[in-house]
Amino acid sequence: MNRNDTPARIAHVFSGTFVHSTPRAAVEILQNCVLGVDDKGKIAFIEKHQDVVSLSEIWGFETSDIRQLGQYEFLMPGMVDTHIHASQYSYAGTALDLPLLEWLNTYTFPVEAKYKDLDFANDVYTKVVRRTLKNGTTTACYFATIHTDASLLLGELADRFGQRALVGKVCMDYNSAVPQYKESPSECKEETDRFIKELLKKEYPNVKPVVTPRFAPSCSSSLLSELGEIANNNKLHVQSHISENKEEVELVKTLFPGCKSYTDVYLKHNLLTDRTVMAHGCHLTDEELEIFRETGSAVSHCPNSNISICSGMLNVRNVLNHNVKLGLGTDVAGGYSPSMLDAMRRTLDTSKALTIQDPQHKTLSFEEVFRLATLGGSEALSLDDQIGNFVVGKDFDALRVNVCVPDGPIDLFPGEGPKVILEKFLNLGDDRNITEVYMAGRRVVPFPDT
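Be aware that the sequence shown starts at 1, since it is given in UniProt numbering, and climbs by one per residue.
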């Protein structure tokens, strides 16, 4: 147990079953344990319940303050969405009939151009933050739009509702079929600088800026270089897209003939660091994955989107075998669901489809996918020193799950243990089963106004 001579005040104590991942175990189930959260929102202790009296004496809480989880309840870490377009949420569930490049010009860019209107932005961004929180996403890596003020508003809303967020003002100066939806390289640099400065000035404890070139086909070489410099000078995260579909990969070869590969484009512009997360990667070569490993860059696997707009199927097993950091993303609205439970299910579906194609492929297990949605996501965003599992000293980002809520989606039967209950929740559960959500020790769901 890690504690100072004068321990912090304990704000929450839970007793029951806790489920999380470790570097060694994809799923670790801790039964009959107590977990304490201090008034800074950090995990103070996690011990066997038999030690509760001595723990109460050491940490100064009353045993009557302990919140007992029910027989069909457990706590798990909050889920990490490593790639989501908050600005596309208004048309989630529609517009899935075109391949990527046509999809962007037909649906995405016209909608994203509307975010100059802050009332429109406020409506959509409020809804997406609330919806993802209700679905258990305690950390989100958001694409916004090219509009600085609307992107700052997204950061404000994430902070207000209590979601940990990386927020990116999108940068693009090229290849937009919507003339008003792009900036000049100088405008983009100036507005990116303003966005970063203004967001950092707010001093939100859990909302940070992320440098966001949309993707190589919409950015000039000079803009990519500017963004690489900004990210490195300010030690900021970077997010973008890579190798989503084959047509895009061929386009990049044409636009950047001096680069060996799509990955080489980002590498040469200093955009691949240990704080970089690239969405998709369906068509990355083994050589490119080696560059990801060497630079410490991460891949965000977005299986719903990859299937919904027919981009490809990422071989997650191959990425993991290359020791590349990998998390899961919903990729709203190319992915139609804002739920990370859906992202887990589609990850398993994709892995099984690859096994159908090649029986030698080793299918992912639900336990491995659980880790990708929690600890894996925290690693992909280089936040695993703060979140991702129940380790003393980390922030308490957690979901209280009840698989037996009235009129819920799950039926239980005699003799089902905690691992079966977990698997049923991952495959059958929804937001009704997520009864409470905590971020850094603060209960954020149910919302205060409900």
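Glycine is no exception: its CB is placed at the ideal position from the N, C-alpha and C atoms.
**Asked** I think H12 touches M76, with their Cβ atoms under 8 Å apart; what is that distance to the nearest whole Å?
**Response** At roughly 15 Å, the Cβ-Cβ gap does not stay under 8 Å, so H12 and M76 are not in contact.
Using the three-state DSSP reduction, which class does residue 451 fall into: helix, strand or coil? In this structure the chain extends from 1 to 450, so residue 451 is not present and cannot be described.
**Item:** N-terminal and C-terminal residue of the alpha helix (DSSP H) that S56 is part of
**Value:** Counting along the chain, the unbroken alpha helix (DSSP H) around S56 starts and ends at 52-59.
Inter-stretch contact (C-beta, 8 Å, three-pair minimum) for the segment 56-71 and the segment 174-181: The segment 174-181 and the segment 56-71 do not touch, with fewer than three beta-carbon pairs separated by less than 8 Å.
H280 versus N233, D395, I84, H49, residue with shortest Cα-Cα distance = When C-alpha distances from H280 are compared across N233, D395, I84, H49, the shortest belongs to I84.
Practice item. Count the C-beta pairs between the segment 212-220 and the segment 170-179 that are closer than 8 Å, then say yes if the count reaches three, no if not. Key: Using a Cβ-Cβ distance cut-off of 8 Å, the segment 212-220 and the segment 170-179 are in contact, since at least three pairs of beta carbons, one from each stretch, lie closer than that value.
For E226, which residues of its own chain have a beta-carbon under 6 Å away from its beta-carbon, when the five flanking residues on both sides are left out?
For E226, where only same-chain residues beyond five positions count, the Cβ hits under 6 Å are K189.
Between P359, V37, S305, which lies nearest to R345 when the distance is taken from Cα to Cα? Ranking P359, V37, S305 by Cα distance to R345 puts S305 first.
(message) Three or more C-beta pairs under 8 Å: does that hold for the segment 435-447 against the segment 397-414?
(response) By the criterion of at least three beta-carbon pairs nearer than 8 Å, the segment 435-447 is in contact with the segment 397-414.
Could you tell me the alpha carbon to alpha carbon distance between T22 and D385, rounded to whole angstroms? Cα to Cα, T22 sits roughly 12 Å from D385.
(request) Take the Cβ of R9 as the centre, count every other Cβ of all protein chains shown within 10 Å, and call the residue buried at 16 or more, exposed below. (result) Label assigned to R9: exposed.
Continuous alpha helix (DSSP H) stretch holding V238: start and end: Annotation for V238: no alpha helix (DSSP H) segment contains it, though the beta strand (DSSP E) segment containing it runs 237-242.
### Message
In this structure, how does DSSP classify V128 when only helix, strand and coil are distinguished?
### Response
The answer is helix: DSSP assigns V128 an H, G or I state.
Buried or exposed for V420, please, with buried defined as at least 16 other CB atoms from any protein chain shown within 10 angstroms of its CB. Exposed, since its Cβ has fewer than 16 Cβ neighbours within 10 Å.
Using CA coordinates, which residue listed in K325, D430, L157 is at the minimum distance from K202?
-> Residue L157 is the option with its Cα nearest to K202.
>> DSSP has residue 462 in a bridge; who is on the other side?
In response: The requested residue 462 does not occur in the structure, where the chain is confined to residues 1 to 450.
Next on the checklist: To the nearest angstrom, how far is the alpha carbon of A152 from that of F195?
Outcome noted: Sequence check: residue 152 is Leu here, not Ala. Cα-Cα distance, rounded: 7 Å.
query: Is the segment 121-132 touching the segment 96-104 in the sense that three or more CB pairs, one from each, lie closer than 8 Å?
result: The segment 96-104 is not in contact with the segment 121-132.
Which same chain residues end up closer than 8 Å to D431 when comparing Cβ atoms and leaving out the 5 residues on each side of it in sequence? Within the same chain, and ignoring the five residues on either side of D431 in sequence, the residues whose Cβ sits closer than 8 Å to its Cβ are K134, N135, G136, S339.
Can you have a look at G334 and say buried or exposed, based on whether 16 or more other CB atoms are within 10 angstroms of its CB?
-> Its Cβ being crowded by 16 or more others within 10 Å, G334 is buried.
Measuring only the C-alpha atoms, how far is H147 from D81? If I take the Cα positions, the gap works out to 22 Å.
Where P185 and N427 are concerned, what is the direct C-alpha to C-alpha distance, given to the nearest angstrom? Note on geometry: alpha-carbon atoms of P185 and N427 lie some 45 Å from one another.
- Message: Please classify P209 as buried or exposed, where buried requires at least 16 neighbouring CB atoms within 10 angstroms.
- Response: P209 should be labelled buried.
Check: Using DSSP with H/G/I as helix, E/B as strand and the rest coil, what is C171?
Finding: Three-state result, C171: strand.
| field | Identity of the residue in K362, D264, L348, V167 nearest A86 by Cα | value | The shortest Cα separation from A86 among K362, D264, L348, V167 belongs to V167.
*asked:* Less than 6 Å between C-beta atoms, sequence neighbours within five positions excluded: which residues of the same chain meet that for Y266?
replied: Counting only Cβ-Cβ distances below 6 Å, and skipping sequence neighbours, we find L272.
Pull up the distance between the alpha-carbon of residue 454 and that of N105, whole angstroms please.
-> As displayed, the chain neither begins before 1 nor continues past 450, which places residue 454 out of reach and without an answer.
Using the rule of at least 16 other Cβ atoms within 10 Å of the residue's Cβ for burial, across every protein chain shown, is T350 buried or exposed?
Burial call: buried.
| message | Quick check on the DSSP output: the beta strand (DSSP E) that includes E247 runs from which residue to which? | response | Here E247 belongs to no beta strand (DSSP E); instead the alpha helix (DSSP H) covers 246-255.
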